[in-house]
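One structure below.
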Amino acid sequence: MRIIIAGFGGQGVVLTGNLIARAALKENKNVTGMVAYGAEMRGGTAFAAVIVSDDEIACPFVEIPDAAIVLNQPSLDKFEPDVAAGGLLLVNTSLVKRGPKREDIDRIFVPATEIAQNLGQMKVANLAALGAFVRHTALVKEESVRQAVKDLFSEKNPALTAVNLAAFEAGLEESRFRKAACSASKKP
Amino acid sequence: MSEKILLKGNELLVEAAIEADCRFYAGYPITPQNEVPERMSWRMPQVGGVFIQAESEIAAINMLFGASAAGARCMTSSSSPGISLKQEGISYIAAAELPCVIVNMQRGGPGLGNIRASQGDYFQSVKGGGHGDYRLIVLTPATLQELYDLTLNAFDYADFYRNPVMILGDGILGQMAEPAEAHPYRPLFNLPPKDYILDGCRGRAPRVIRTLFLRPSDSLVQHNLRLQKKYARMQREISLYEEFETADAEVVVTAYGIPGRVAKGAVKRARREGLKAGLIRPLCVWPFPIEPYKRAVKKAKSFLVVEMSQGQFIEDVKLALECRRPVAFLGKGGGWYPSEEEILEQIRHLAAACLKGLKTQRKA
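Protein chains in written order, with our numbering: chain H, 3 to 190; chain E, -17 to 346.
See the structure below:
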């Protein structure tokens, strides 16, 4: 599965990609990650590309994502048209006024930023989105992500482990799923 | 089996170098390899090594000359424009027969170019970017596992042959993250003692390391002949490549580095379509692995070269094939990369041409 995660710089798109990759690694899957590099700025748009596969991965770039996780409006506008027919779009409804237009893809709606605010930590909206993503795709096991969160934050900042896990659990539960309207052929 | 770790290529390179006992690094920042000096800056002090952010690329390569002359395993890294600046120093180090590892995470060129990935420095790396008759061993990993393994080996090749070794990567390899097994360092060779280094001559005769040969008694001609003998030995002893589905292949794709892994994906898809495609992927482009091409030429009707440059690698492929088969070309310049779809399209095209050729033969 080729995944794009996009949002404002600071929303944790790189971290989200890192967690998916670490969870996939725990399950002995092949995985690559690639982030935009160069002249980036705080508050600008950022994205990460992650590929998870049972086979060897040829190119680490993602041009036609099977799934896009978009955490704000500009990212939705930018990546919605790119998603493969029959693919998946996950939208952070808290920061998106104009919802997705396409109906030939599955859509997941999750109020990720509100979940994060309710937990008193704005930064963990990405984990709520990741929870919803994992619940509906089963790309990696929920337990692998929990373990990846524990591993990563024990290195980075152990104090934040609990609130990240709480956001992940809330995301697992609080999302709406809408199946693709037409029976579009699934991309290989 | 060691545990797999997940790092960016540039970061993994640092871990491999340190695992291989590299204890001296000098470099100067340039995208897309900045994670190398950044990680070196805190990893080297942890292991009692030396990290220097030099005042320039030229200073960094000349610091390696000194560090290597003093016996240290040493490394520098940069990206294309920075590597151009290092060429004078590389020529001197090759002339002095000092071991060191130079990493080039290539970016778009010529000139300042851009910060995307490229393979535009192929000629510079394998045909001699600096002056004089010298050669580098040029390693070309395509996956982060290969980057880790070849970095371990690079220091051994350098010490064994007393020659600079280049790891020729690109911005994608440096920036991408992928799991790799960080196994412990085990020397490739039984390495000879460094009996040439300048580590203080108390109790022994003084040694000299130099690259200036003016006296007839130590003729530069002789020095060059000795170097050439060493390069010929490397050509006999080093041949690194991956062969994939070449046994019955009619269309053989060949690429190194990142395009090599993209090409492998395309060849797999071509096979699923029933096309007889194969892949030769050099892991070292000097010495160039000639044998797999010689083998493939028996079955193959045509070859396809894929590179992220505008016709450099293709010259060595044609030399290896001695122009016995037609060679098609798919090149990308300016920091762009060839996609799996583009390569697959070319394979289909060449396979169709093979079939057409066969029909014409039967008619005749």
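Where is the CB? At the ideal position from N, CA and C, for every residue including glycine.
No experiment lies behind these values; they were computed from the predicted model shown.
- Here the C-alpha atom of E/T13 lies approximately 26 angstroms from the C-alpha atom of E/K(-14).
- Between H/V37 and chain E, the shortest Cβ-Cβ separation is below 9 angstroms.
- In the three-state reduction of the DSSP assignment, E/S59 falls in the strand class, which pools E and B.
- Taking 9 angstroms as the CB threshold, H/E144 stays off the interface with chain E.
- The Cβ atoms of E/L(-5) and E/G156 lie closer than 9 angstroms to each other.
- Neighbourhood of H/A23 in chain E, by CB distance below 7 angstroms: L(-12), A159, in chain order.
- The DSSP assignment places complete beta strand (DSSP E) segments of no fewer than 3 residues inside the stretch 259 to 322 of chain E at 259 to 264, 266 to 268, 284 to 289, 309 to 313, in order along the chain.
- Under the three-state reduction of DSSP output, E/I191 falls in the coil class, being neither helix nor strand.
- Its Cα nearest to that of E/R192, the residue E/A78 stands out among E/R307, E/R253, E/F295, E/A78.
- Taking CB atoms only, E/R218 has no neighbour in chain H less than 9 angstroms away.
- Taking 9 angstroms as the threshold, the shortest C-beta distance from E/P14 to chain H falls below it.
- With a minimum length of 4 residues, the unbroken runs of alpha helix (DSSP H) contained wholly in the stretch 102 to 139 of chain E fall at 104 to 108.
- A contact is defined here as three or more CB-CB pairs under 8 angstroms, and the stretch 141 to 159 of chain E fails this definition with respect to the stretch 179 to 199 of chain E.
- Chain E places no beta carbon closer than 9 angstroms to that of H/T115, leaving this residue out of the contacts.
- Inclusion of E/G315 and E/G64 in the CB contact set at 9 angstroms is not warranted, their separation being larger than that value.
- A distance below 6 angstroms between beta-carbons, with the five flanking residues on each side excluded, links E/H113 to the following residues of its chain, in chain order: S73.
- The stretch 166 to 184 of chain H and the stretch 109 to 125 of chain H touch, with no fewer than 3 CB-CB distances between them shorter than 8 angstroms.
- For E/A41, the secondary structure class from DSSP, reduced to helix, strand or coil, is helix.
- Closer than 9 angstroms to the CB of E/S321 there is at least one CB belonging to chain H.
- Take H/R109, set aside five residues on each side of it, and the residues of its chain with a beta-carbon closer than 6 angstroms to its own are L91, P102, R180, in chain order.
- By the neighbour-count criterion, in which 16 or more other beta carbons inside 10 Å mark a residue as buried, E/Q210 falls on the exposed side.
- For H/F49, no alpha helix (DSSP H) segment is defined; the enclosing uninterrupted segment is the beta strand (DSSP E) at 47 to 55.
- Per DSSP, the unbroken beta strand (DSSP E) holding H/N32 starts and ends at 32 to 37.
- Within chain H, the residues whose beta carbon sits less than 9 angstroms from that of E/K246 are E58, A60, listed in sequence order.
- Not a single CB atom of chain H sits nearer than 9 angstroms to the CB of E/K280.
- Any Cβ of chain E closer than 9 angstroms to the Cβ of H/N94 would place that residue at the interface, and such an atom is absent.
- If you check the CB distance, H/N74 and H/G133 do not come in under 9 angstroms.
- Sorting E/I240, E/Q35, E/A259 by C-alpha distance to the C-alpha of E/E17 places E/Q35 at the top.
- With a cut-off of 8 angstroms on Cβ pairs, the stretch 316 to 328 of chain E is not in contact with the stretch 264 to 278 of chain E, counting fewer than three such pairs.
- DSSP places E/T236 inside the beta strand (DSSP E), whose first and last residues are 233 to 236.
- Neighbours of H/V33 in chain E, taken as residues at a C-beta separation under 9 angstroms, are given in chain order as L(-12), A159, E160, P161.
- In the DSSP assignment, H/D108 falls within the beta strand (DSSP E) that extends over 108 to 112.
- In the DSSP assignment, E/K(-14) is bridged to E/E163.
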